[in-house]
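In my numbering, the protein residues as written are 299 to 581.
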């Protein structure tokens, strides 16, 4: 009705210049979209490190029969970060992570953030050609884990190397700026070659704060880590749990594949928040 009234009143004006909303409707739309919020000043990894000081013995990450407390998680991440920093990892550099599912990839992600670098997740189950392409295209300078045999010459790091355990248990003295890259995840490539998408620490902090307002978590909660780290849903899982002081339960490859084992994990770890794909049956 609004559009028809505009047409009869202004018959010579293009439709693109006419309103379809009443003034009251437009005011309501503007009110609904008034969602500005202050972006948190702290990067996500510093929120996680704070729990290691205030509640060091609280469970942080479960995988299989193993559990790391926040103190153990932070200490391991600090030592790996020191090692990576010595190898040249720092702001605006990319560190690839290609590790089997478990606690080690979570440690690696935190370690990369502590150096100021961005992490590139490489799922070991992906085809070798795709892994080699992402490693080359991203310009990663360091690779944590095995990774593809082909690809560029990068410094390879074994997180269980004694040289890592010999590093200081304090984080490198690095200032992470909000607009520096935090991670890069590649698109599926369904409409062409996969493309790496860079996300900044500012964006990650804003995302984390938004999630806390939508799905608040805290001590006593356990979030399932089900998605491949090469899928951006994994970021949702990690930052919903650890910055809030909740626990993260990492599903093993077998638990991902077998519903009975996954259900047993959910019960054993008292998981109360999960993001899972849903299979739709035919009508």
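In this text, a Cβ means the ideal position worked out from N, Cα and C, and glycines have one as well.
Bear in mind the structure is a predicted one, so any value in this text is a computation, not a measurement.
*Report yes if the C-beta distance between residue 544 and residue 523 is below 8 Å; otherwise report no.*
Counted from its first residue, the chain shown places residue 544 at position 246. Counted from its first residue, the chain shown places residue 523 at position 225. Contact: no.
*Which residue comes first and which comes last in the beta strand (DSSP E) that contains residue 496?*
The residue given as residue 496 occupies position 198 in the chain shown. Here the beta strand (DSSP E) through residue 496 covers 494-498.
*Leaving aside the five residues before and after residue 510 along the sequence, list all residues of the same chain whose C-beta is less than 7 Å from its C-beta, in chain order.*
As a first step, residue 510 must be located in the chain shown, where it is residue number 212. The residues are 542.
_residue 339 versus residue 535 - alpha carbon distance_ = Here residue 339 refers to the residue found at position 41 when the chain shown is read from its first residue. Here residue 535 refers to the residue found at position 237 when the chain shown is read from its first residue. So the alpha carbons of these two residues sit roughly 21 Å apart.
*Report yes if the CB atom of residue 500 is closer than 8 Å to the CB atom of residue 359, and no otherwise.*
The count along the chain shown starts at 1 and reaches residue 500 at position 202. The count along the chain shown starts at 1 and reaches residue 359 at position 61. Their beta carbons are not under 8 Å apart, which means residue 500 does not touch residue 359 by this criterion.
_Below 8 Å on the Cβ atoms is my contact criterion, and I expect residue 446 with residue 433 to pass it. Report the Cβ-Cβ distance as a whole number of Å._
Counted from its first residue, the chain shown places residue 446 at position 148. Counted from its first residue, the chain shown places residue 433 at position 135. With 8 Å as the limit, residue 446 and residue 433 qualify as a contact, their Cβ atoms being about 6 Å apart.
*Endpoints, the alpha helix (DSSP H) within which residue 462 is located*: If you number the chain shown from 1, residue 462 lands on position 164. From DSSP, the alpha helix (DSSP H) with residue 462 extends over 460-463.
*Buried or exposed (CB count within 10 angstroms, at least 16 for buried), residue 326*: Counting from one through the chain shown, the residue named residue 326 turns up at place 28. Label assigned to residue 326: exposed.
*Which residues in the same chain have their Cβ closer than 7 Å to the Cβ of residue 354, if we skip the five residues on either side of it in sequence?*
Mapped onto the chain shown, residue 354 falls at position 56. Contacts found: 367, 368 and 369.
_residue 333 to residue 444 span [Cα, whole Å]_ = Residue 333 sits at position 35 when you count from the first residue of the chain shown. Residue 444 sits at position 146 when you count from the first residue of the chain shown. Whole-angstrom Cα-Cα distance: 44 Å.
_Using only the alpha-carbon positions, how far apart do residue 405 and residue 569 sit?_
Here residue 405 is taken as the residue at index 107 of the chain shown, counted from 1. Here residue 569 is taken as the residue at index 271 of the chain shown, counted from 1. Computed Cα separation, rounded: 21 Å.
*Does the region 460-469 come within contact of the region 299-306, defined as at least 3 CB pairs closer than 8 Å?*
no
*Going by the CB atoms, is the gap between residue 413 and residue 470 shorter than 8 Å?*
Locating residue 470 in the chain shown gives position 172, where the first residue counts as 1. Locating residue 413 in the chain shown gives position 115, where the first residue counts as 1. Against a cut-off of 8 Å, the Cβ pair of residue 413 and residue 470 comes out as a contact.
*Could you tell me if residue 411 is buried or exposed, where buried requires 16 or more neighbouring beta carbons within 10 angstroms of its beta carbon?*
One-based indexing of the chain shown puts residue 411 at position 113. Answer is buried; the Cβ neighbour count reaches 16.
*In three-state DSSP terms, what is residue 520?*
Within the chain shown, numbered from 1, the residue matching residue 520 stands at position 222. Strand, per DSSP.
*Since I believe residue 483 is in contact with residue 442 (beta carbons under 8 Å), could you give me their beta-carbon distance rounded to a whole number of angstroms?*
Within the chain shown, residue 442 is the residue found at index 144, counting from 1. Within the chain shown, residue 483 is the residue found at index 185, counting from 1. Not really, about 16 Å apart at Cβ, beyond 8 Å.
_Neighbourhood of residue 437 by C-beta, 7 Å cutoff - its chain only, sequence neighbours within 5 removed_ = For this step, residue 437 is matched to residue 139 along the chain shown. For residue 437, where only same-chain residues beyond five positions count, the Cβ hits under 7 Å are 392.
_Going by DSSP in three states, residue 501 sits in which element: helix, strand or coil?_
In the chain shown, residue 501 corresponds to position 203, counting from 1. Residue 501 falls in the helix class under three-state DSSP.
*asked:* Looking at the secondary structure, which residues open and close the beta strand (DSSP E) in which residue 419 lies?
replied: Here the question's residue 419 lines up with position 121 in the chain shown. Counting along the chain, the beta strand (DSSP E) containing residue 419 begins and ends at 416-419.
*May I have the straight-line CA-CA distance separating residue 513 from residue 507, to the nearest angstrom?*
For this step, residue 513 is matched to residue 215 along the chain shown. For this step, residue 507 is matched to residue 209 along the chain shown. Each residue's alpha carbon lies about 10 Å from the other.
*First and last residue of the beta strand (DSSP E) that includes residue 357?*
Mapped onto the chain shown, residue 357 falls at position 59. Note, residue 357: beta strand (DSSP E), 357-361.
*Whole angstroms is fine: what's the gap from residue 342's alpha carbon to residue 537's?*
Counting from one through the chain shown, the residue named residue 342 turns up at place 44. Counting from one through the chain shown, the residue named residue 537 turns up at place 239. Their backbone Cα atoms lie some 8 Å apart in a straight line.
*Identify the continuous alpha helix (DSSP H) that holds residue 551 and give its terminal residues.*
Here residue 551 is taken as the residue at index 253 of the chain shown, counted from 1. Residue 551 -> alpha helix (DSSP H) spans 551-555.
*Return the residue from the list 356, 335 and 350 that minimises the CA-CA distance to residue 518.*
Here residue 518 corresponds to residue number 220 of the chain shown, with the count starting at 1. With distances taken between Cα atoms, residue 518 lies closest to 356.
_Could you give the first and the last residue of the continuous beta strand (DSSP E) run that contains residue 424?_
What you label residue 424 is simply residue 126 of the chain shown in a count that begins at 1. Segment: none, residue 424 is in no beta strand (DSSP E) and carries neither H nor E.
*Going by C-alpha distance, which of 435, 468 and 467 is nearest residue 452?*
Your numbering for residue 452 matches position 154 in the chain shown. The shortest C-alpha separation from residue 452 is found at 435.
*beta strand (DSSP E) segment containing residue 547, residue limits*: Indexing the chain shown from 1 puts residue 547 at position 249. That run of the beta strand (DSSP E) goes 545-548.
*With DSSP as the reference, label residue 571 as helix, strand or coil.*
As a position in the chain shown, residue 571 is number 273, starting the count at 1. Looking at residue 571 - three-state DSSP - the assignment turns out to be strand.
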